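Data block below; observations after.
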Amino acid sequence: MMPHVPWGLVVCVLGVCALGIWNLASAARPPMAPVWHSQALYLAVGLGAVLTVCLVDYRWIQRMAFPIYVANILALLALRVVGHTAKGAESWFAIGPFRLQPAEFMKIGVVLMLAKVYHDDFQPNQPSYGIVRLWKPVLVVMVPFTLVLVQPDLGTALMIFLSSGTVILFGKVRWYLAATLVAGVLVGGLIIWNDYVREMPEPRTTVVRHHLKKHQSQRISGWLDPEADLRGSGYHAAQSKIAVGSGGLTGKGWREGTQTGLRFLPEQHTDFIFSVWAEEHGFFSCLLLLLLYGGIFILGLGVGFSARDRFGAFVAVGVVATLFWQVFENIGMVIGLLPVTGITLPLMSYGGSSMLSVMLCIGLLVNISMRRHMF
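Per full-length UniProt numbering, residue 1 is the first one in the sequence shown, and the count goes up by one each step.
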């Protein structure tokens with residue numbers, strides 16, 4: 001199996017991890033705790049998880065997909081009883097000094113369960129998936145999506161929805177469902193225009209705005225008009241764009257970033273870690289980081305297209321979709337193109353749950369690649 005290890009993928013992952021720890025050493029300066037020590041420990045644990053996953057034939061993981069999915073659902077339900085509330089969301093288990101976020105692992109559970117459904121449901125010469133045949137995949141997605149959304153954790157719920165939607169589209173749906181998806185995007189745009197952009201007398205007649213929590217609604221309004229409330233809802237995005245823009249082509253130098261050093265950046269070691277990188281290392285280093293992420297995506301898709309069965313192919317596509325949408329949303333919100341949702345940057349942002357879940361995903365890709373010629 002060793003000749004089939006995707007070494008290019010491994011190098012890209014380790015490269016991003018190394019840059020992430022180096023960047024955290026600058027982002028978390030005194031009086032903040034030196035979190036890069038903890039991140040290095042989380043990386044070591046993550047590498048151990050990768051090796052453990054690689055030792056298991058993924059056909060066994062396929063058989064365990066349903067128990068893994070159910071266990072993650074039960075963990076989300078348990079949050080309602082013993083969950084720890086932070087940042088307005090009941091999303092963590094507090095275990096001594098450590099916090100565990102079940103929603104991070106739920107993303108893996110959804111991918112595994114969707115892959116199992118599409119693998120078991122396959123029949124030669126079957127037509128593309130229509131509304132009736134999609135009830136199983138939709139049910140698999142909507143249960144965890146709803147549980148995460150009510151925490152409330154809109155960002156993670158959105159990631160589950162986007163990555164799962166990518167897997168469902170990969171499973172080949174009827175043309176009218178793809179057209180419905182496009183129409184849904186257009187309707188969503190019209191709703192945002194009506195609720196946040198359209199000028200109308202008070203009280204406003206809104207569609208979804210009055211259903212959102214205040215901080216969620218402020219994130220959308222701050223995204224559409226970032227200068228309307230620079231001391232409130234637009235503060236995060238404004239400070240982030242200042243940091244990114246001030247980095248120029250080559251950056252200010254490691255630990256020389258003023259936005260970072262003076263702690264103008266909120267959550268600079270987690271959600272806005274890319275702002276720290278851009279300010280201190282500049283545009284060219286940002287391109288290097290994006291190339292490493294691009295290598296992970298392309299080589300991960302290569303694993304999927306060379307997999308020996310449908311389960312491996314769907315798992316690989318689901319893993320890549322999960323990582324892609326997180327990178328897309330995080331960098332998009334950092335540079336002001338997307339609303340702030342609290343999504344971390346994989347392998348760069350500080351966090352044990354995030355690091356471990358991403359490394360488990362990488363372990364699945366390596367596992368599938370190693371066994372692509374075994375029967």
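Just so you know, even glycine gets a beta-carbon here, dropped at the ideal spot from N, CA and C.
The structure displayed is predicted, hence computed values, not measured ones.
- As the crow flies, the alpha-carbon of Leu169 is around 44 Å from that of Gly261.
- The count of Cβ pairs closer than 8 Å, one atom from the region 213 to 221 and one from the region 247 to 261, stays below three, leaving the stretches out of contact.
- Here Val173 is bridged, per DSSP, to Tyr129.
- Beyond the five residues adjoining it in sequence on each side, Lys107 comes within less than 8 Å, by CB distance, of Thr156, Met159, Ile160, Ser163, Thr322 and Ser357 in the same chain, given in chain order.
- Membership of Phe264 in any beta strand (DSSP E) is not indicated, and neither H nor E is assigned to it by DSSP.
- DSSP places Phe324 inside the alpha helix (DSSP H), whose first and last residues are Arg310 to Val334.
- Per DSSP, Arg99 is one residue of the beta strand (DSSP E) stretching across Phe98 to Leu100.
- Leaving aside the five residues that flank Trp325 on each side, the residues in its chain whose CB is nearer than 6 Å to its CB run, in chain order, Met159, Leu162 and Ser163.
- Here the region 99 to 113 does not lie against the region 288 to 306, with fewer than 3 beta-carbon pairs under 8 Å apart.
- In this structure, DSSP gives Ser91 an extended state, which the three-state scheme calls strand.
- The continuous alpha helix (DSSP H) containing Ala27 extends over residues Trp7 to Ala27.
- Going by C-alpha positions, Arg133 is about 13 Å away from Leu114.
- Of Ser369, Cys361, Tyr58 and Ser353, the smallest CA-CA separation from Ser91 is found for Ser353.
- Less than 8 Å separates the beta-carbon of Ala243 from that of Leu265.
- Here the alpha carbons of Tyr176 and Asp57 stand approximately 38 Å from one another.
- A direct Cα-Cα distance of roughly 43 Å separates Val320 from Met200.
- Apart from the 5 residues on each side of it in sequence, Gly336 sits with its Cβ closer than 8 Å to the Cβ of Trp223, Pro226, Ala237, Ser240 and Lys241 in its chain, given in chain order.
- Our two residues, Gly304 and Ala65, have alpha carbons roughly 18 Å apart in a direct line.
- The C-beta separation of Ile368 from Val315 comes to about 6 Å, placing the pair in contact by the 8 Å criterion.
- Judged by beta-carbon spacing, Ile61 lies beyond the 8 Å limit of Gly109, meaning their Cβ atoms are not closer than that value.
- Ala75 carries a helical assignment under DSSP once its states are collapsed to helix, strand and coil.
- By the C-beta criterion, the region 135 to 145 is judged not to be in contact with the region 326 to 333, since fewer than 3 inter-stretch pairs fall below 8 Å.
- About 4 Å separates the CB atoms of Gly363 and Val50; that is less than 8 Å, so the two are in contact.
- Look at the region 209 to 246 and you find these whole runs of alpha helix (DSSP H), each 4 residues long or longer: 214 to 224 and 235 to 246.
- Rounded to whole angstroms, the gap between the alpha carbons of Ala94 and Val81 is 12 Å.
- Residue environment for Met348: buried (at least 16 other C-beta atoms within 10 angstroms of its C-beta).
- Only residues of its own chain outside the window of five on either side were considered, and among them Ser128 and Gly130 have a CB closer than 6 Å to the CB of Arg174, listed in chain order.
- Remark: C-beta atoms of His269 and Val35 approach each other more closely than 8 Å.
- Taking all protein chains in view, the Cβ of Gln151 is crowded by 16 or more other Cβ atoms within 10 Å, so the residue is classified as buried.
- For Val53, the enclosing alpha helix (DSSP H) covers residues Val35 to Leu55.
- 8 Å or more divides the Cβ of Arg371 from the Cβ of His119.
- Cβ contact annotation for Cys286 (same chain, cutoff 6 Å, sequence separation greater than five): Ala278, in chain order.
- Of all alpha-carbon atoms in Leu345, Ala307, Met333 and Gly295, the one lying nearest the alpha-carbon of Trp7 is that of Gly295.
- Inclusion of Asp195 and Val185 in the CB contact set at 8 Å is not warranted, their separation being larger than that value.
- Between Met333 and Thr341, the gap from beta carbon to beta carbon is short of 8 Å.
- Residues Leu292 of the same chain have their beta carbon placed closer than 8 Å to that of Gly15, with the five preceding and five following residues left out of the count.
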